[in-house]
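Participant: Sharing a structure here in structure tokens format.
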Amino acid sequence: MPFIGDTPLQAGFSFCRREAPFRLTVSMLGGGGYFGIVLSPKEIAVLDAALEFGAAVSMNFGVASGSLSVMAGIYFRLELTGGPGSARNKVKLVGYLRARGEVDVLGIVSASIELYLELGYEDGYAVGRASLTISIEIGFFETSVTIRCEKRFAGSGAAFALAGGTAAPGIAPPTFSDLMSRTWTR
Numbered sequence: 001m002p003f004i005g006d007t008p009l010q011a012g013f014s015f016c017r018r019e020a021p022f023r024l025t026v027s028m029l030g031g032g033g034y035f036g037i038v039l040s041p042k043e044i045a046v047l048d049a050a051l052e053f054g055a056a057v058s059m060n061f062g063v064a065s066g067s068l069s070v071m072a073g074i075y076f077r078l079e080l081t082g083g084p085g086s087a088r089n090k091v092k093l094v095g096y097l098r099a100r101g102e103v104d105v106l107g108i109v110s111a112s113i114e115l116y117l118e119l120g121y122e123d124g125y126a127v128g129r130a131s132l133t134i135s136i137e138i139g140f141f142e143t144s145v146t147i148r149c150e151k152r153f154a155g156s157g158a159a160f161a162l163a164g165g166t167a168a169p170g171i172a173p174p175t176f177s178d179l180m181s182r183t184w185t186r
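Using the numbering used here, you'd call the opening residue of the sequence shown number 1 and step up by one each time.
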């Protein structure tokens, strides 16, 4: 807890973490998430939360076992690093879909595959990301391959100029509602 310098005194609270969210499952339907907040004496410094829902099923045949799951969720992060109205403040809002399958044979050979898709709003852009991860483990040998791609969709103003358009002077980057209303009304 720093008492001197540019960083003010801050205190944080979290219910679970992004790496280890809470889970609630009934039969094959379930969900989970986490919530975290960091407070300074004047304001909320960071607000970080996610909720997801979906279905999961697992099977065990004695010598082999496996599981499949499909989850969809919403992730939100707000960082107020420069005070109210500052350009250094960051907002991230993401909707995502995660599909995962895994199989294990006699505890010797196992394989998993995960497809992760997300569409969100980040720093004046609508951003889509996808990743495909394949992991194989045979005895003590383990390898994993991940393929990623990203697509940024330009808005107006500064975000549009960075994507190759011409920006109108004095226009701020679009808000999340600006991007969504323009996209759905066309």
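We treat Cβ as the ideally placed atom computed from N, Cα and C, and that holds for glycine.
For clarity, every value in this text was computed on a predicted model and none was experimentally measured.
Rounded to whole angstroms, what is the Cα-Cα separation between VAL91 and CYS16?
Facilitator: If you take the alpha carbons of VAL91 and CYS16, they lie about 21 Å apart.
Participant: Give the single residue among LEU24, ALA64, SER110 and SER69 whose Cα lies nearest to the Cα of LEU51.
Facilitator: Among LEU24, ALA64, SER110 and SER69, the Cα nearest to that of LEU51 belongs to LEU24.
Participant: Give the secondary structure of ASP273 by DSSP, where H, G and I count as helix, E and B as strand, and everything else as coil.
Facilitator: Lying outside 1 to 186, the shown extent of the chain, residue 273 is not represented and no answer is given.
Participant: Using a 10 Å radius around the Cβ and a threshold of 16 neighbouring Cβ atoms, would you call LEU80 buried or exposed?
Facilitator: Buried, by the Cβ-count rule.
Participant: Which value, in whole angstroms, describes the spacing of the CA atoms of LEU106 and GLY30?
Facilitator: C-alpha separation (whole angstroms): 28 Å.
Participant: Scan the region 6 to 72 and note each continuous alpha helix (DSSP H) run of 4 residues or more that stays entirely inside, going in chain order.
Facilitator: Runs found: none.
Participant: Is it buried or exposed for GLY126, if we count other Cβ within 10 angstroms and need 16 for buried?
Facilitator: Here the sequence assigns Ala to residue 126, which means Gly is not the residue at that position. So ALA126 ends up on the buried side.
Participant: Measure from the alpha carbon of GLY139 to the alpha carbon of each residue in ALA130, GLY124, SER110 and THR146, then state which is nearest.
Facilitator: Measuring from the Cα of GLY139, the nearest candidate turns out to be SER110.
Participant: Check for me: the beta strand (DSSP E) holding PHE153 runs from which residue to which?
Facilitator: PHE153 -> beta strand (DSSP E) spans 141 to 153.
Participant: In whole angstroms, what is the alpha-carbon distance linking VAL63 and GLU102?
Facilitator: Looking at the two C-alpha atoms, the distance is approximately 14 Å.
Participant: Look up GLY95 in the DSSP assignment and give the residues it is bridged to.
Facilitator: Bridge partners of GLY95: ILE74 and LEU119.
Participant: Quick check: what's the CA-CA separation for SER69 versus ARG148?
Facilitator: Cα to Cα, SER69 sits roughly 20 Å from ARG148.
Participant: Whose C-beta lies closer than 6 Å to the C-beta of GLU198 among residues of the same chain, with five residues either side of it excluded?
Facilitator: Residue 198 lies beyond the residue range present for the chain, which begins at 1 and ends at 186; the question has no answer from this structure.
Participant: Between the alpha carbons of SER144 and PHE61, how many angstroms are there, rounded?
Facilitator: Going by the C-alpha atoms only, they are around 26 Å apart.
Participant: Tell whether a beta-carbon distance below 9 Å holds between GLY36 and PHE53.
Facilitator: Not a contact, by the Cβ cut-off of 9 Å.
Participant: Quickly, what does DSSP pair LEU132 with across the bridge? List them, please.
Facilitator: DSSP, once it has assigned bridges, lists LEU115 and ILE147 as partnering LEU132.
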